[in-house]
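Residue numbers for the sequence shown follow the working numbering, beginning at 121 and rising by one.
This report refers to the structure that appears directly beneath it.
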Amino acid sequence: MNVPSRTDLRDHLIRTRIAGDVATPRENNLDNYRSLANRDPHYMFGLSFAAEWSFRDVLEQMAKSVGVVADPEHREGQDTIDPDLTIDAIEAMGDRVGEVLARGNARIVIATGHPTGLLTVHLALARLARSAGATLLTPAERWSYMGNGLGRVRRIRYLDDVAMLDDGAALVHTHDPDPMRAILAEERPDFVIADHGWAGAAGEAGVETVGFADSNDPALFVGEAEGKIAVAVPLDDNVLPRHYGPLTDYLVARIATHL
(Lines of atoms letter the chains of each structure in order from A and count residues from 1; the text may use other names and numbers.)
(Lines give C-alpha, C1' and ligand atoms only; values in the text may rest on other atoms or scores of the structure.)
Protein backbone atom coordinates (compact mmCIF):
# COMPACT_ATOMS: atom_id res chain seq x y z
CA MET A 1 0.00 0.00 0.00
CA ASN A 2 1.41 3.35 -1.08
CA VAL A 3 -0.12 5.88 1.33
CA PRO A 4 -0.24 9.40 -0.12
CA SER A 5 0.60 12.47 1.89
CA ARG A 6 -2.24 14.84 2.62
CA THR A 7 -0.96 17.18 -0.10
CA ASP A 8 -0.71 14.37 -2.64
CA LEU A 9 -4.19 13.13 -1.76
CA ARG A 10 -5.59 16.63 -2.11
CA ASP A 11 -4.04 16.93 -5.57
CA HIS A 12 -5.44 13.52 -6.53
CA LEU A 13 -8.95 14.37 -5.36
CA ILE A 14 -8.95 17.51 -7.47
CA ARG A 15 -7.41 15.82 -10.52
CA THR A 16 -9.94 12.97 -10.52
CA ARG A 17 -12.82 15.28 -9.57
CA ILE A 18 -13.66 13.31 -6.43
CA ALA A 19 -13.50 16.79 -4.91
CA GLY A 20 -12.81 20.27 -6.22
CA ASP A 21 -14.82 21.07 -9.35
CA VAL A 22 -17.09 18.03 -9.36
CA ALA A 23 -19.35 16.70 -12.10
CA THR A 24 -22.60 17.20 -10.19
CA PRO A 25 -24.21 20.37 -11.58
CA ARG A 26 -25.30 23.22 -9.34
CA GLU A 27 -28.90 22.89 -10.54
CA ASN A 28 -29.09 19.30 -9.30
CA ASN A 29 -27.59 20.22 -5.94
CA LEU A 30 -30.10 23.02 -5.35
CA ASP A 31 -33.06 20.91 -6.49
CA ASN A 32 -32.10 18.20 -4.01
CA TYR A 33 -31.64 20.70 -1.18
CA ARG A 34 -35.16 21.99 -1.83
CA SER A 35 -36.50 18.44 -1.90
CA LEU A 36 -34.91 17.72 1.47
CA ALA A 37 -36.29 20.97 2.91
CA ASN A 38 -39.72 19.86 1.63
CA ARG A 39 -39.23 16.50 3.42
CA ASP A 40 -39.43 14.43 0.25
CA PRO A 41 -38.79 10.89 1.56
CA HIS A 42 -36.56 10.00 -1.41
CA TYR A 43 -34.05 12.63 -0.26
CA MET A 44 -34.35 11.97 3.49
CA PHE A 45 -32.44 8.66 3.35
CA GLY A 46 -34.57 7.35 6.21
CA LEU A 47 -33.64 10.17 8.59
CA SER A 48 -35.91 12.49 10.52
CA PHE A 49 -34.80 15.90 11.76
CA ALA A 50 -35.60 17.90 14.87
CA ALA A 51 -35.05 21.30 13.27
CA GLU A 52 -37.11 22.80 10.44
CA TRP A 53 -34.21 22.95 7.93
CA SER A 54 -35.36 25.41 5.28
CA PHE A 55 -33.74 25.46 1.84
CA ARG A 56 -31.40 28.24 3.02
CA ASP A 57 -30.52 26.24 6.14
CA VAL A 58 -29.65 23.17 4.05
CA LEU A 59 -27.55 25.22 1.64
CA GLU A 60 -25.71 26.86 4.54
CA GLN A 61 -24.98 23.46 6.09
CA MET A 62 -23.78 22.05 2.77
CA ALA A 63 -21.44 25.00 2.29
CA LYS A 64 -20.06 24.35 5.79
CA SER A 65 -19.79 20.55 5.59
CA VAL A 66 -19.08 20.01 1.89
CA GLY A 67 -17.78 23.26 0.47
CA VAL A 68 -20.47 23.92 -2.13
CA VAL A 69 -20.89 27.55 -3.18
CA ALA A 70 -22.68 29.34 -0.34
CA ASP A 71 -24.29 32.05 -2.50
CA PRO A 72 -27.96 31.14 -3.15
CA GLU A 73 -27.85 33.30 -6.27
CA HIS A 74 -25.38 30.86 -7.85
CA ARG A 75 -28.09 28.76 -9.47
CA GLU A 76 -26.51 26.98 -12.42
CA GLY A 77 -23.22 25.69 -13.76
CA GLN A 78 -20.32 24.40 -11.69
CA ASP A 79 -20.39 23.47 -8.02
CA THR A 80 -17.61 22.34 -5.73
CA ILE A 81 -16.56 20.02 -2.93
CA ASP A 82 -13.75 21.36 -0.76
CA PRO A 83 -10.97 18.72 -0.87
CA ASP A 84 -9.72 19.78 2.56
CA LEU A 85 -13.16 19.08 4.03
CA THR A 86 -13.08 15.69 2.32
CA ILE A 87 -9.71 14.85 3.85
CA ASP A 88 -10.72 16.18 7.27
CA ALA A 89 -13.76 13.90 7.19
CA ILE A 90 -11.70 10.92 5.97
CA GLU A 91 -9.39 11.42 8.93
CA ALA A 92 -12.35 11.69 11.32
CA MET A 93 -13.88 8.54 9.84
CA GLY A 94 -10.56 6.73 10.10
CA ASP A 95 -10.21 7.69 13.75
CA ARG A 96 -13.73 6.54 14.60
CA VAL A 97 -13.47 3.24 12.71
CA GLY A 98 -10.05 2.65 14.23
CA GLU A 99 -11.35 3.23 17.75
CA VAL A 100 -14.21 0.79 17.18
CA LEU A 101 -11.93 -1.91 15.76
CA ALA A 102 -9.40 -1.43 18.56
CA ARG A 103 -12.04 -2.41 21.12
CA GLY A 104 -12.09 -5.93 19.65
CA ASN A 105 -15.07 -8.11 18.75
CA ALA A 106 -16.99 -5.27 17.10
CA ARG A 107 -20.13 -6.34 15.23
CA ILE A 108 -20.28 -4.31 12.02
CA VAL A 109 -22.50 -3.95 8.97
CA ILE A 110 -20.99 -2.48 5.79
CA ALA A 111 -23.29 -1.50 2.92
CA THR A 112 -23.32 0.61 -0.23
CA GLY A 113 -25.94 2.00 -2.56
CA HIS A 114 -23.26 2.79 -5.16
CA PRO A 115 -21.83 -0.53 -6.38
CA THR A 116 -20.40 1.11 -9.53
CA GLY A 117 -18.27 3.52 -7.52
CA LEU A 118 -17.89 3.25 -3.76
CA LEU A 119 -18.01 -0.54 -3.57
CA THR A 120 -14.22 -0.68 -3.89
CA VAL A 121 -13.80 1.46 -0.75
CA HIS A 122 -16.26 -0.64 1.24
CA LEU A 123 -14.59 -3.90 0.21
CA ALA A 124 -11.24 -2.62 1.48
CA LEU A 125 -12.83 -1.60 4.78
CA ALA A 126 -14.43 -5.03 5.09
CA ARG A 127 -11.07 -6.73 4.61
CA LEU A 128 -9.47 -4.50 7.23
CA ALA A 129 -12.28 -5.03 9.71
CA ARG A 130 -12.05 -8.81 9.39
CA SER A 131 -8.27 -8.74 9.83
CA ALA A 132 -8.73 -6.66 12.99
CA GLY A 133 -11.02 -9.29 14.50
CA ALA A 134 -14.40 -7.65 13.85
CA THR A 135 -17.44 -9.72 13.01
CA LEU A 136 -19.07 -8.60 9.78
CA LEU A 137 -22.77 -9.30 10.02
CA THR A 138 -24.82 -10.40 7.00
CA PRO A 139 -28.46 -10.27 8.17
CA ALA A 140 -31.53 -10.40 5.93
CA GLU A 141 -29.65 -11.83 2.96
CA ARG A 142 -32.03 -12.13 0.00
CA TRP A 143 -34.71 -10.07 1.77
CA SER A 144 -36.66 -8.47 -1.06
CA TYR A 145 -39.10 -5.69 -1.87
CA MET A 146 -40.39 -3.91 -4.95
CA GLY A 147 -37.66 -1.26 -5.07
CA ASN A 148 -39.29 2.11 -4.53
CA GLY A 149 -42.15 1.48 -6.93
CA LEU A 150 -39.91 0.62 -9.88
CA GLY A 151 -41.79 -2.59 -10.64
CA ARG A 152 -38.79 -4.89 -10.18
CA VAL A 153 -37.90 -6.91 -7.13
CA ARG A 154 -34.80 -5.74 -5.28
CA ARG A 155 -32.94 -8.12 -2.96
CA ILE A 156 -30.16 -7.74 -0.43
CA ARG A 157 -27.03 -9.49 -1.59
CA TYR A 158 -23.64 -9.60 0.15
CA LEU A 159 -20.37 -9.53 -1.73
CA ASP A 160 -17.44 -10.28 0.59
CA ASP A 161 -19.67 -9.20 3.49
CA VAL A 162 -20.69 -5.86 1.93
CA ALA A 163 -24.45 -5.45 1.55
CA MET A 164 -25.92 -4.16 -1.71
CA LEU A 165 -29.11 -4.56 -3.70
CA ASP A 166 -29.54 -6.64 -6.81
CA ASP A 167 -32.42 -6.95 -9.27
CA GLY A 168 -31.82 -10.61 -10.04
CA ALA A 169 -29.28 -9.85 -12.76
CA ALA A 170 -27.20 -6.87 -11.65
CA LEU A 171 -26.18 -4.86 -8.61
CA VAL A 172 -28.19 -1.65 -8.47
CA HIS A 173 -27.93 1.90 -7.21
CA THR A 174 -30.29 2.83 -4.38
CA HIS A 175 -31.09 5.63 -1.94
CA ASP A 176 -33.72 3.55 -0.13
CA PRO A 177 -33.58 3.09 3.66
CA ASP A 178 -35.80 -0.01 3.66
CA PRO A 179 -33.00 -2.57 3.12
CA MET A 180 -31.10 -1.33 6.18
CA ARG A 181 -34.32 -1.36 8.18
CA ALA A 182 -34.71 -5.02 7.23
CA ILE A 183 -31.14 -5.72 8.36
CA LEU A 184 -31.68 -4.00 11.70
CA ALA A 185 -34.92 -5.86 12.28
CA GLU A 186 -33.03 -9.16 12.02
CA GLU A 187 -29.79 -8.27 13.81
CA ARG A 188 -28.54 -5.02 15.28
CA PRO A 189 -24.83 -4.22 14.79
CA ASP A 190 -22.60 -2.11 17.00
CA PHE A 191 -21.45 0.03 14.10
CA VAL A 192 -22.31 0.74 10.46
CA ILE A 193 -20.15 1.91 7.55
CA ALA A 194 -22.36 2.84 4.61
CA ASP A 195 -23.80 5.50 2.32
CA HIS A 196 -27.21 6.71 1.11
CA GLY A 197 -30.28 5.21 2.79
CA TRP A 198 -28.22 2.37 4.24
CA ALA A 199 -26.43 4.93 6.41
CA GLY A 200 -29.49 7.11 7.05
CA ALA A 201 -31.66 4.28 8.34
CA ALA A 202 -28.89 3.05 10.64
CA GLY A 203 -28.28 6.52 12.05
CA GLU A 204 -32.00 7.06 12.55
CA ALA A 205 -32.17 3.79 14.51
CA GLY A 206 -29.45 5.01 16.86
CA VAL A 207 -26.65 2.79 15.54
CA GLU A 208 -23.34 4.61 15.38
CA THR A 209 -22.80 5.25 11.68
CA VAL A 210 -20.16 6.72 9.40
CA GLY A 211 -20.74 7.21 5.71
CA PHE A 212 -19.99 8.80 2.37
CA ALA A 213 -22.19 11.30 0.53
CA ASP A 214 -22.12 13.42 -2.61
CA SER A 215 -22.80 17.15 -2.86
CA ASN A 216 -26.34 16.45 -4.11
CA ASP A 217 -27.13 14.13 -1.15
CA PRO A 218 -27.61 16.51 1.79
CA ALA A 219 -29.40 14.16 4.20
CA LEU A 220 -26.31 12.59 5.79
CA PHE A 221 -24.73 16.01 6.39
CA VAL A 222 -27.90 17.32 8.01
CA GLY A 223 -28.00 14.08 10.01
CA GLU A 224 -24.41 14.68 11.07
CA ALA A 225 -25.29 18.22 12.16
CA GLU A 226 -28.09 16.80 14.31
CA GLY A 227 -25.88 14.07 15.79
CA LYS A 228 -27.47 11.06 14.08
CA ILE A 229 -24.51 10.39 11.76
CA ALA A 230 -21.08 10.27 13.41
CA VAL A 231 -19.11 11.25 10.29
CA ALA A 232 -20.19 12.08 6.75
CA VAL A 233 -17.44 12.24 4.11
CA PRO A 234 -18.13 14.59 1.16
CA LEU A 235 -17.04 13.28 -2.23
CA ASP A 236 -18.24 12.50 -5.73
CA ASP A 237 -19.61 9.02 -5.12
CA ASN A 238 -19.45 7.65 -8.65
CA VAL A 239 -16.13 8.28 -10.37
CA LEU A 240 -14.11 5.41 -11.82
CA PRO A 241 -13.51 2.91 -9.00
CA ARG A 242 -9.72 2.96 -9.44
CA HIS A 243 -9.69 6.67 -8.64
CA TYR A 244 -10.71 5.89 -5.05
CA GLY A 245 -7.48 3.96 -4.49
CA PRO A 246 -5.38 6.73 -2.89
CA LEU A 247 -8.33 7.85 -0.75
CA THR A 248 -8.83 4.26 0.40
CA ASP A 249 -5.13 3.84 1.20
CA TYR A 250 -5.17 7.07 3.21
CA LEU A 251 -8.27 5.98 5.13
CA VAL A 252 -6.96 2.47 5.83
CA ALA A 253 -3.64 3.87 7.05
CA ARG A 254 -5.47 6.26 9.38
CA ILE A 255 -7.52 3.39 10.81
CA ALA A 256 -4.37 1.31 11.27
CA THR A 257 -2.82 3.92 13.57
CA HIS A 258 -5.35 2.83 16.20
CA LEU A 259 -4.71 -0.91 15.89
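All C-beta atoms, glycine included, are put in the ideal place defined by N, C-alpha and C.
Express the C-alpha separation of residue j and residue i in angstroms, rounding to a whole number.
i	j	result
alanine 352	glycine 320	11 Å
arginine 135	methionine 182	22 Å
leucine 256	alanine 249	8 Å
aspartate 281	isoleucine 230	7 Å
alanine 260	histidine 194	44 Å
aspartate 286	histidine 234	11 Å
Would DSSP call residue i helix, strand or coil?
i	result
alanine 352	strand
glycine 323	helix
arginine 301	helix
valine 292	strand
threonine 255	strand
tryptophan 318	helix
proline 361	helix
alanine 171	coil
Can you tell me where the beta strand (DSSP E) holding residue i begins and where it ends?
i	result
threonine 329	328–333
Going by other Cβ atoms of all chains shown within 10 Å of its Cβ, with 16 needed for buried, is residue i buried or exposed?
i	result
glutamate 344	buried
glycine 386	Because the chain spans 121 through 379 in this model, residue 386 falls outside it and cannot be assessed.
alanine 322	buried
alanine 305	exposed
glycine 347	exposed
In terms of residue numbering, what span does the alpha helix (DSSP H) encompassing residue i cover?
i	result
arginine 250	239–251
isoleucine 313	No alpha helix (DSSP H) contains isoleucine 313, which is instead part of the beta strand (DSSP E) from 311–315.
alanine 376	365–376
arginine 154	146–157
threonine 127	126–135
proline 161	161–164
Across which residues does DSSP place residue i in a beta bridge pair?
i	result
arginine 277	Met284
tyrosine 265	Arg274
glycine 140	Ile201
isoleucine 230	Val282, Ile313
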